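For the record, the sequence lines run as chains L and S. Heads up: the first sequence begins at 95 in the numbering used here, then just goes up one per residue. Heads up: the second sequence begins at 95 in the numbering used here, then just goes up one per residue. Virtual Cβ for every residue (Gly too), placed ideally from N, Cα, C. Note that this is a predicted model, so its numbers are computed, not measured. So the structure is just underneath, and the comments pick up after that.
Number of protein chains: 2
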Amino acid sequence: MADPKSAPKQPKAKHKRGQGVATVYDTIKREILELRMAPGSPVDETKLTERFGMSRTPIREALVRLVGDGLVVTLPNRSTIVAPIDFFELPQFFDALTLMYRVTTRLAATHRSQDEIARIRELRDGYAAAVAEKDVSRMIEVNRDFHAEIARAGKNHYYTELFERLLDEGRRLLRFYYSSFNDELPEIYLDEHDRMVAAIEARDVTDADEIAHAHADQIVRQIQSYISADRRENASMSL
Amino acid sequence: MADPKSAPKQPKAKHKRGQGVATVYDTIKREILELRMAPGSPVDETKLTERFGMSRTPIREALVRLVGDGLVVTLPNRSTIVAPIDFFELPQFFDALTLMYRVTTRLAATHRSQDEIARIRELRDGYAAAVAEKDVSRMIEVNRDFHAEIARAGKNHYYTELFERLLDEGRRLLRFYYSSFNDELPEIYLDEHDRMVAAIEARDVTDADEIAHAHADQIVRQIQSYISADRRENASMSL
DNA sequence: TGTATTTTTTAAGTCGACAACAAGTATTCC
DNA sequence: GGAATACTTGTTGTCGACTTAAAAAATACA
Chain L
95 MADPKSAPKQ
105 PKAKHKRGQG
115 VATVYDTIKR
125 EILELRMAPG
135 SPVDETKLTE
145 RFGMSRTPIR
155 EALVRLVGDG
165 LVVTLPNRST
175 IVAPIDFFEL
185 PQFFDALTLM
195 YRVTTRLAAT
205 HRSQDEIARI
215 RELRDGYAAA
225 VAEKDVSRMI
235 EVNRDFHAEI
245 ARAGKNHYYT
255 ELFERLLDEG
265 RRLLRFYYSS
275 FNDELPEIYL
285 DEHDRMVAAI
295 EARDVTDADE
305 IAHAHADQIV
315 RQIQSYISAD
325 RRENASMSL
Chain S
95 MADPKSAPKQ
105 PKAKHKRGQG
115 VATVYDTIKR
125 EILELRMAPG
135 SPVDETKLTE
145 RFGMSRTPIR
155 EALVRLVGDG
165 LVVTLPNRST
175 IVAPIDFFEL
185 PQFFDALTLM
195 YRVTTRLAAT
205 HRSQDEIARI
215 RELRDGYAAA
225 VAEKDVSRMI
235 EVNRDFHAEI
245 ARAGKNHYYT
255 ELFERLLDEG
265 RRLLRFYYSS
275 FNDELPEIYL
285 DEHDRMVAAI
295 EARDVTDADE
305 IAHAHADQIV
315 RQIQSYISAD
325 RRENASMSL
């Protein structure tokens, strides 16, 4: 993982009032999701103080918010750490992810505006571009944004919030395993994305649901296969 | 709503290190859910400072957490208020609530332990007792706990968290309208609760789903009827 | 008298410092 | 020499004060 020393410090930057926490929050969140901060690694308030060139108060507030997002865990009176990836609750994660894929896509098919279709299409193209360039980290990020935008078009913020949280967690998982571009899955995803957008634009709820379901299953299988591949690797070490 | 002056101050209480925020958080959360703090009313950090006898820092942290829960809203640089009840997004609320009722009850039917059944039964009895005493506010609270316990038995914390949030929001809505005990609904709920527990214990997923669905519809209809009754009242004023 | 502008006030955002707590480390006693 | 105890260290939790943004009040102007 990234060495704290190599992290860009910005002590001179005089943050505008009210921008402080937002900056810290966004930066740390991104670093956690991109696995630049390892799950389980300690988060030192004092170091962040130096790094962001501000006092502990705004840093602390940002961390409290991250705790609310489930991305950071604080052990009372003793160290706060980046939320570990809990492999035992992966089945529950998959279940919730699949359901939210379906529900948000269904709702999008019902409530989408033409404007939103355009924005979704843009993200679809962004994903296609990332695939063409074989840029894995960009693929993961844009894919998340693509589905988040669809969820937003469904206009139910209860679902949207949970879904974004699940997508973020998925982002960490994919980052964790999906380090090399070595299969044909992205092409399959791209095709499914196209069909998904088409169904949403046609307001075909049944179709949208079906595609979302298949898409979710595909992703779950992908993650599971990476995990079992990883297990096999580790298992071989004990021979 | 409760006058700040009448609120019990506790300046002397020397809270143990680490208990400060928890106390403030729990207290304020409860007051918001019980509508002792009116939706949209300002939350003054300084007043809370006096009331809880501690500095602004822990108060602030509690508020940040409540913002994360969606129970408090902060307008940047200017006032933080108790989250208003947004009537325009009630349909989305109902949709999510219904889905979570179904999903959590289904999962409970699959994953419940005998222990959990016992705890659920206890809460069922608590609800029955509240109905017998015609204690509306207790009914609302115990009902929430009953369903939250079922969700917990389903053992998917993604669903549980969202569901509890929805139940809490529902608690505010019911409090808002359901001030007098004047109909036969509680009896119907009680019956549905019984059938729900039975289905969960029998591990009958289909049945559990059906009952949960009906139960959710019942509650949604209840809230809607209170709202339309309220609308009629307001409408009559403009004549 | 109505509107634009300045002043005041209120509360949020930030800061540096101190106190308390839990581990790790050194020390003492048997 | 080993274990119990005291000390050191690193961080978190809390505090009181200061700074600044934005609303409300007051004033000036047309």
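Rounded to the nearest angstrom, how far is the Cβ of residue i from that of residue j, given a contact under 8 Å?
{"i": "Arg259 of chain L", "j": "Leu127 of chain L", "result": "In fact, because the Cβ distance is near 11 Å, the residues do not count as touching under 8 Å."}
{"i": "Ser135 of chain S", "j": "Val176 of chain S", "result": "5 Å"}
{"i": "His109 of chain S", "j": "Thr117 of chain S", "result": "6 Å"}
{"i": "Leu157 of chain S", "j": "Val167 of chain S", "result": "The Cβ separation is near 10 Å, so there is no contact."}
Using the Cα positions of residue i and residue j, report the straight-line distance between them to the nearest angstrom.
{"i": "Ala242 of chain L", "j": "Pro280 of chain L", "result": "18 Å"}
{"i": "Glu286 of chain L", "j": "Ile305 of chain L", "result": "7 Å"}
{"i": "Ala247 of chain L", "j": "Gln186 of chain S", "result": "13 Å"}
{"i": "Tyr119 of chain S", "j": "Arg159 of chain L", "result": "14 Å"}
{"i": "Tyr320 of chain S", "j": "Ile321 of chain L", "result": "51 Å"}
{"i": "Leu267 of chain L", "j": "Asp324 of chain L", "result": "12 Å"}
{"i": "Glu263 of chain S", "j": "Arg215 of chain S", "result": "24 Å"}
{"i": "Ala310 of chain S", "j": "Arg297 of chain S", "result": "20 Å"}
{"i": "Leu142 of chain S", "j": "Asp229 of chain L", "result": "51 Å"}
{"i": "Gln113 of chain S", "j": "Phe181 of chain S", "result": "35 Å"}
{"i": "Tyr253 of chain L", "j": "Gln318 of chain S", "result": "21 Å"}
{"i": "Leu184 of chain S", "j": "Gly164 of chain S", "result": "15 Å"}
{"i": "Asp209 of chain S", "j": "Glu155 of chain S", "result": "36 Å"}
{"i": "Ser341 of chain S", "j": "Asp219 of chain S", "result": "The requested residue 341 of chain S is not part of the displayed model; chain S covers only 95 to 333."}
{"i": "Asn171 of chain S", "j": "Val137 of chain S", "result": "13 Å"}
{"i": "Lys103 of chain L", "j": "Tyr272 of chain S", "result": "Bear in mind that a pLDDT of 40 at Lys103 of chain L, under 50, signals an unreliable position, so the number given afterwards is only what the model happens to contain. When rounded, the distance between both Cα atoms is 55 Å."}
{"i": "Ile244 of chain L", "j": "Ala212 of chain L", "result": "11 Å"}
{"i": "Leu261 of chain L", "j": "Asp277 of chain S", "result": "44 Å"}
{"i": "Thr192 of chain S", "j": "Glu227 of chain S", "result": "28 Å"}
{"i": "Ile313 of chain S", "j": "His251 of chain S", "result": "23 Å"}
{"i": "Phe188 of chain L", "j": "Val115 of chain S", "result": "34 Å"}
{"i": "Thr300 of chain S", "j": "Gly162 of chain S", "result": "35 Å"}
{"i": "Leu169 of chain L", "j": "Leu169 of chain S", "result": "30 Å"}
Have a look at the DSSP bridge pairing and note the partners of residue i.
{"i": "Thr168 of chain S", "result": "S:Thr174"}
{"i": "Pro136 of chain L", "result": "L:Ile175"}
Among the residues of its own chain, which have a CB less than 6 Å from the CB of residue i, if the five just before and after it don't count?
{"i": "Glu139 of chain S", "result": "Arg150, Ile153"}
{"i": "Arg315 of chain L", "result": "none"}
{"i": "Pro133 of chain S", "result": "Val176, Pro178, Ile179"}
{"i": "Ser332 of chain L", "result": "Interpretation of Ser332 of chain L is limited by its pLDDT of 47, a score under 50 that renders its predicted location unreliable; the figure taken from the coordinates is listed afterwards. No residues qualify anywhere along the chain."}
Can you list, in chain order, the residues of its chain with a C-beta nearer than 7 Å to that of residue i? Leave out the 5 residues immediately preceding and following it.
{"i": "Asp239 of chain L", "result": "Leu217"}
{"i": "Arg206 of chain S", "result": "Ala247, Ile294"}
{"i": "Tyr221 of chain L", "result": "Met233, Val236, Asn237, Phe240, Leu284, His287"}
{"i": "Arg111 of chain S", "result": "none"}
{"i": "Ala224 of chain L", "result": "Arg232, Met233, Val236"}
{"i": "Ser330 of chain S", "result": "Bear in mind that the predicted position of Ser330 of chain S carries a pLDDT of just 49, short of 50, making it too unreliable to give a figure here."}
Which same chain residues, not among the five before or five after residue i, have their C-beta less than 8 Å away from its C-beta?
{"i": "Leu256 of chain L", "result": "Ala190, Met194"}
{"i": "Ala302 of chain L", "result": "Thr199, Arg200, Ala202, Ala203, Met290, Ala293, Ile294"}
{"i": "Leu129 of chain L", "result": "Met95, Arg266, Arg269, Phe270"}
{"i": "His307 of chain L", "result": "Thr192, Tyr195, Arg196"}
{"i": "Lys249 of chain S", "result": "Leu201, His205"}
{"i": "Ile282 of chain L", "result": "Gln312"}
Segments of 4+ residues assigned as alpha helix (DSSP H) that fall wholly inside the segment 237 to 317 of chain S: DSSP assignment within the segment 237 to 317 of chain S yields the following whole alpha helix (DSSP H) runs of 4 residues or more, N-terminal first: 251 to 271, 279 to 295.
Runs of alpha helix (DSSP H) lying entirely within the segment 181 to 244 of chain S, each at least 4 residues, in chain order: Fully contained in the segment 181 to 244 of chain S are the following alpha helix (DSSP H) runs of length 4 or more, in chain order: 184 to 205, 208 to 226.
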